[in-house]
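Visitor: Here it is: the structure, laid out below.
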Amino acid sequence: MPQLNRNNRHKVRFELNGRLAEGFAEPRTLLSDFLRHELGATGTHVGCEHGVCGACTVQIDGVPARSCLTLAVQADGASIRTVEGLAPEPGRLSILQEAFRRHHALQCGFCTAGILMSLDAFLRERKDVSESELREFLGGHICRCTGYGPIVAAALDAAKKMQEQDNV
Amino acid sequence: MKPAQFDYLRAETLSEVHKALAADPEARVIAGGQTLVPMLSMRLARPPLLIDIMRIAALKKIEDKGKFLRVGAAVRQAELLALEGLAEKQPLLAAALPWVGHAQTRNRGTVCGSVAHADPSAEIPLTLVALEGSVEVSGLRGTRRVPAAEFFTGLMTTARKNEEMIEAVWFPVRKPNTGYAFFEYGRRHGDFAIVAAAAVAEGDKVRLTIGGVADRPVARDFRERGKAALDKALNEFAWSLEARDDQHGTAVYRRELVRQIGAKVMEEARSCLN
Chain E
51 MPQLNRNNRH KVRFELNGRL AEGFAEPRTL LSDFLRHELG ATGTHVGCEH
101 GVCGACTVQI DGVPARSCLT LAVQADGASI RTVEGLAPEP GRLSILQEAF
151 RRHHALQCGF CTAGILMSLD AFLRERKDVS ESELREFLGG HICRCTGYGP
201 IVAAALDAAK KMQEQDNV
Chain R
497 MKPAQFDYLR AETLSEVHKA LAADPEARVI AGGQTLVPML SMRLARPPLL
547 IDIMRIAALK KIEDKGKFLR VGAAVRQAEL LALEGLAEKQ PLLAAALPWV
597 GHAQTRNRGT VCGSVAHADP SAEIPLTLVA LEGSVEVSGL RGTRRVPAAE
647 FFTGLMTTAR KNEEMIEAVW FPVRKPNTGY AFFEYGRRHG DFAIVAAAAV
697 AEGDKVRLTI GGVADRPVAR DFRERGKAAL DKALNEFAWS LEARDDQHGT
747 AVYRRELVRQ IGAKVMEEAR SCLN
């Protein structure tokens, strides 16, 4: 493929929450900035911008990853899911989002989108998760408000509800 | 924090990568990007050209080569960790990989990328040195395999030449009658270790490899028997690593961790022998 020149903006196209999205990016544009500034998907938040805080976590091809550690041009052709894609329909929250609301698992909400995207992927595979596994997994995220207790409670509650739903 | 400008080449073949590296000694390979992208954003690295190797099918393979597991440059850490029977094939890898970054970074970061970055506290270079594995590098002039102990030459410095890329790493598989153990201590799971240790016990010998103290992972064989003799040898080893103070811990603290964690993993590896 031809080399992408640093001074130009190049077409980047991927699936975003089930729909085709496209825009233009310089080679150096981070996926986090491309989502927010080019596509207007501002649900994804940008915290530390070097992969430590987890606020910008999205799902890339089904698995959680930091959007600030991926270049937009690297994501070309991928399937991206962001917090905007979690609710099943307008006015209705997902089981995980509903549990966060019930347990007051967010205060300022800055870290929430990233944590939801991580947990959404994790709980899909691991509905039988233990509290200690969950805490280790959440180690990839920083929350400065809640002290993590309500987040863990919400995630465990959501896992239980998802398990019940599977058994119906 | 935004990266400085660079050109970007999405390579489809190895020879494309080799040519691009030979044409510009400042060009850098990008794979998962989990260490390179933060360095770009902080402008600690300002390469004129990034060569993306993640779409080269030949690099995506984990191959069982009998006595070795050959892991290609586009294999993500999570993919190796999920390899069926990994704990049987190489228990040390299965023990160390969950300590590499977070699940969210292992989903993107590659095994070879961590080796290329050569952070002195990183788990994958440590494991490679502990197992006496090797690194396969290639360029226009051909392919060569460098033993791990010779590959890591200093702080984030390796024996790879500018015109070469890492094509794969070779991990020796589990040997019969051998015990393996890994442990590390850091402030938060997923952060770089303050001290990390791997032990491989075989016959009357235990090979202990320490990361996070010297400028690269350092290994030493211990044949000492009895607590007093072993403690003395461990203490000498801890001092030989020339620990330094930094914001994460003092040199005194690091030496103590080497003694404590070193003894712990050596005992654990030995106990696996029985």
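Quick note, the sequences are listed as chains E and R, same order.
Going left to right, the first sequence walks through residues 51 to 218 as my numbering numbers them.
Going left to right, the second sequence walks through residues 497 to 770 as my numbering numbers them.
From the three backbone atoms N, C-alpha and C, an ideal C-beta is built for every residue, glycine too.
These numbers come from a predicted model, not from an experiment.
What's the gap between the Cα of PHE733(R) and the Cα of PHE678(R)?
Guide: By one-based count along the second sequence, residue 733(R) stands at place 237. By one-based count along the second sequence, residue 678(R) stands at place 182. Rounded to whole angstroms, PHE733(R) to PHE678(R) spans 18 Å at the Cα level.
Visitor: Please identify, using Cβ separations under 9 Å, the residues of the stretch 660 to 692 of chain R that lie next to chain E, in order along the chain.
Guide: Listed by position, the residues of the stretch 660 to 692 of chain R near chain E (Cβ gap below 9 Å) are ARG684, HIS685, GLY686 and ASP687.
Visitor: When you compare only the Cα positions, how much space is there between ARG640(R) and VAL633(R)?
Guide: Here residue 640(R) refers to the residue found at position 144 of the second sequence. Here residue 633(R) refers to the residue found at position 137 of the second sequence. The alpha-carbon atoms of ARG640(R) and VAL633(R) are separated by roughly 6 Å.
Visitor: Between which two residues does the beta strand (DSSP E) containing PRO114(E) stretch?
Guide: If you number the first sequence from 1, residue 114(E) lands on position 64. PRO114(E) -> beta strand (DSSP E) spans 113 to 116.
Visitor: Per the DSSP calculation, HIS60(E) is bridged to which residue(s)?
Guide: Counting from 1 along the first sequence, the entry for residue 60(E) is found at position 10. Beta-bridge pairing links HIS60(E) to ALA75(E).
Visitor: Name the two residues that bound the continuous beta strand (DSSP E) containing THR639(R).
Guide: Working through the second sequence from its first residue, we reach residue 639(R) at position 143. Unbroken beta strand (DSSP E) run through THR639(R): 638 to 643.
Visitor: Would you decide whether HIS154(E) is buried or exposed? Buried here means 16 or more other CB atoms lie within 10 Å of its CB.
Guide: As a working mapping, residue 154(E) is identified with position 104 in the first sequence. Per the 10 Å Cβ criterion, exposed.
Visitor: List the residues of chain E that HIS613(R) touches, going by C-beta distances under 8 Å, in chain order.
Guide: To locate residue 613(R), count along the second sequence from 1; it is residue 117. Those within 8 Å of HIS613(R) in chain E number zero; the least Cβ separation is about 13 Å.
Visitor: My guess is that THR107(E) and GLN600(R) are in contact by the Cβ rule of under 8 Å, so how many angstroms apart are they, rounded?
Guide: For the purposes of this step, residue 107(E) is taken as residue 57 along the first sequence, with counting starting at 1. For the purposes of this step, residue 600(R) is taken as residue 104 along the second sequence, with counting starting at 1. Contact holds; Cβ gap of about 6 Å.
Visitor: Go ahead and label PHE718(R) buried or exposed: buried means 16 or more other beta carbons lie within 10 angstroms of its beta carbon, across all protein chains shown.
Guide: Along the second sequence, read from residue 1 onward, the residue named residue 718(R) stands at position 222. Classification for PHE718(R): buried.
Visitor: Would you report the Cα separation of PRO616(R) and HIS744(R), rounded to the nearest angstrom?
Guide: Looking up residue 616(R) in the second sequence gives position 120. Looking up residue 744(R) in the second sequence gives position 248. Answer to the nearest angstrom: the Cα atoms are 14 Å apart.
Visitor: Sort ALA149(E), GLU139(E), ALA122(E) and HIS191(E) by Cα distance to ARG59(E) and report the nearest one.
Guide: Here the question's residue 59(E) lines up with position 9 in the first sequence. Ranking ALA149(E), GLU139(E), ALA122(E) and HIS191(E) by Cα distance to ARG59(E) puts ALA122(E) first.
Visitor: Taking C-beta pairs closer than 9 Å, name the residues in chain R that GLY104(E) reaches, listed in chain order.
Guide: Residue 104(E) sits at position 54 when you count from the first residue of the first sequence. Under the 9 Å cutoff, chain R gives HIS598 and GLN600.
Visitor: Buried or exposed for PHE648(R), please, with buried defined as at least 16 other CB atoms from any protein chain shown within 10 angstroms of its CB.
Guide: Taking the second sequence and counting its residues from 1, one reaches residue 648(R) at position 152. Buried: at least 16 other Cβ atoms inside 10 Å.
Visitor: For ARG151(E), tell me which candidate among THR196(E), GLN53(E), LEU188(E) and SER168(E) has the shortest Cα-Cα distance.
Guide: By 1-based counting over the first sequence, the position of residue 151(E) is 101. Ranking THR196(E), GLN53(E), LEU188(E) and SER168(E) by Cα distance to ARG151(E) puts THR196(E) first.
Visitor: Only counting the same chain, and skipping five residues up and downstream in sequence, which positions put a Cβ closer than 7 Å to that of ALA729(R)?
Guide: Looking up residue 729(R) in the second sequence gives position 233. So the list reads PHE718 and GLU720, once near-sequence residues are dropped.
Visitor: Nearest to GLN573(R) by CA position, among ALA583(R), LYS563(R), ILE620(R) and GLU559(R), is which residue?
Guide: Looking up residue 573(R) in the second sequence gives position 77. The option with the nearest alpha carbon to GLN573(R) is ILE620(R).
Visitor: Using a Cβ cut-off of 7 Å, pull out every chain R residue sitting near ASN55(E), in sequence order please.
Guide: By one-based count along the first sequence, residue 55(E) stands at place 5. ASP503, listed in chain order.
Visitor: Assign ILE662(R) to one of three DSSP states: helix, strand, or coil.
Guide: Position 166 of the second sequence, counted from the first residue, corresponds to residue 662(R). It is a strand residue.
Visitor: Examine chain E for any beta-carbon lying closer than 8 Å to the beta-carbon of MET652(R), and answer yes or no.
Guide: If you number the second sequence from 1, residue 652(R) lands on position 156. Answer no: the Cβ-Cβ gap between MET652(R) and chain E never drops below 8 Å.
Visitor: Can you tell me which of the three DSSP states ILE552(R) falls into?
Guide: In the second sequence, residue 552(R) corresponds to position 56, counting from 1. In the structure shown, ILE552(R) sits in coil (DSSP, three-state: anything other than H, G, I, E or B).
Visitor: So what does LYS177(E) bridge to, in DSSP terms?
Guide: The count along the first sequence starts at 1 and reaches residue 177(E) at position 127. DSSP output for LYS177(E) lists no bridge partner at all.
Visitor: So, is the C-beta of GLN530(R) closer than 8 Å to a C-beta in chain E?
Guide: One-based indexing of the second sequence puts residue 530(R) at position 34. Chain E, which has a Cβ nearer than 8 Å to the Cβ of GLN530(R), makes this yes.
Visitor: Are the C-beta atoms of VAL123(E) and some chain R residue less than 8 Å apart?
Guide: Along the first sequence, read from residue 1 onward, the residue named residue 123(E) stands at position 73. VAL123(E) counts as touching chain R.
Visitor: Should PRO200(E) be flagged as near chain R, meaning a C-beta pair shorter than 8 Å?
Guide: As a working note, residue 200(E) is residue 150 in the first sequence. It does not: the Cβ of PRO200(E) has no partner Cβ on chain R nearer than 8 Å.
Visitor: Out of LYS556(R), LEU545(R), VAL754(R) and GLY722(R), state which residue places its alpha-carbon closest to the alpha-carbon of ALA518(R).
Guide: For the purposes of this step, residue 518(R) is taken as the residue at position 22 of the second sequence. Closest option to ALA518(R), Cα to Cα, is LEU545(R).
Visitor: Along the stretch 161 to 175 of chain E, what residues have a CB closer than 8 Å to any CB found in chain R?
Guide: Residues passing the 8 Å Cβ filter: SER168 and PHE172.
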